[in-house]
Amino acid sequence: MKVLITAGPTREALDPMRFISNRSSGKMGYALAEAAVKAGHETVLVSGPCALTQPEGLAKFISVVSAADMAEAVKAEFPAADTAIMCAAVADYRPKKFSASKIKKSDDTLVIELERTEDILASLGKMKRADQKLIGFAAETDDMEKNAIGKLQRKNLDWIAANRLDLPGQGAESNTNTVILFSVKGEQVTIPLASKREVAEEILKITGVNESCKGNLSI
Ligand code: C5P
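The numbers in the numbering used here rise by one with no breaks, and the one at position 162 of the sequence shown is 178.
Next up, the structure:
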């Protein structure tokens, strides 16, 4: 099976020196890529800037910086994929104007106008064929279940993995995670706190990504 995964943050440049980004470490997406390779999938990883080593055995590794770069790479790869798992913490907004010269300090306050970036996952939801599986993530601080199910439906996903950002041992920079998986068919499965690698393997099993290549499974 061909699996496309996104990981890490994106960076939205303000000037040659500064950017807007977030605290995503890329660990969950890289763990998913490692688990997909281990399960025998032809795995493409599209990664924003992070400090992790590229997993071994990938079919392709595409390094991107901004949400626009990630959207371009992901939309080009998606038609050939059987499953896409969008784990990246894509910036929702980018500076409306990029300043080619470094912004100088002058007044006490500085107003930066931001504009929406493309919602890559929602774009894939519109492109998705009946034979493709689309899985998203929802990192939440409030109303996790309601928000996750809303995203599942709005973005035309098959599954969404929801996790809390405001509890210890889970979320952006942690080595461990706990997620609740919701499916479009109404299934709900909790993966208890474990290493991101173990959580990744469970996600692939529960969502059925590993079903079609059980012969290759070494877990
Ligand atoms: O709506 P929200 O940003 O919380 O949705 C999170 C999910 O959407 C994640 O799977 C993330 O990778 C994806 N996403 C995206 N492009 C964006 C924003 C989020 O693919 N611009």
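Virtual Cβ for every residue (Gly too), placed ideally from N, Cα, C.
Note that this is a predicted model, so its numbers are computed, not measured.
| Query | Result |
| --- | --- |
| Check: leucine 181 C-beta below 7 Å from any heavy atom of the ligand C5P | no |
| Pairwise C-alpha distance: leucine 150 and serine 199 | 11 Å |
| 7 Å Cβ shell around threonine 59 - same chain, five flanking residues per side excluded | Val19, Ile21, Ala49, Ala52, Val53, Leu74, Ala75 |
| Classification of valine 225 by the beta-carbon crowding that lies within 10 angstroms, buried from 16 upward | buried |
| Buried or exposed by the 16-neighbour rule on C-beta atoms within 10 Å, applied to methionine 33 | exposed |
| 8 Å Cβ cutoff met for glutamate 129 and lysine 144 | no |
| Heavy atom of the ligand C5P within 7 Å of isoleucine 136 beta-carbon | yes |
| Length of the line joining the Cα atoms of arginine 170 and leucine 197 | 16 Å |
| Straight-line Cα distance separating asparagine 191 from lysine 212 | 6 Å |
| With 16 other Cβ atoms within 10 Å as the buried cut-off, status of aspartate 174 | buried |
| Alpha-carbon to alpha-carbon, alanine 87 and alanine 138 | 11 Å |
| Own chain, CB closer than 6 Å to glutamate 93, minus 5 neighbours either side, in chain order | Leu20, Val60 |
| Residues near serine 40 by beta carbon distance below 6 Å, same chain, minus five either side | Gly24, Pro25, Ala105, Ala188 |
| For glutamine 204, the three-state DSSP class (helix, strand or coil) | strand |
| Closer than 7 Å: glycine 152 CB and nearest the ligand C5P heavy atom | yes |
| Bridge-paired residues (DSSP) for isoleucine 21 | Leu61, Ile101 |
| Isoleucine 36 versus aspartate 124 - alpha carbon distance | 20 Å |
| Contact set for phenylalanine 153: own chain, Cβ-Cβ below 6 Å, skip 5 residues either direction | Cys103, Ala177 |
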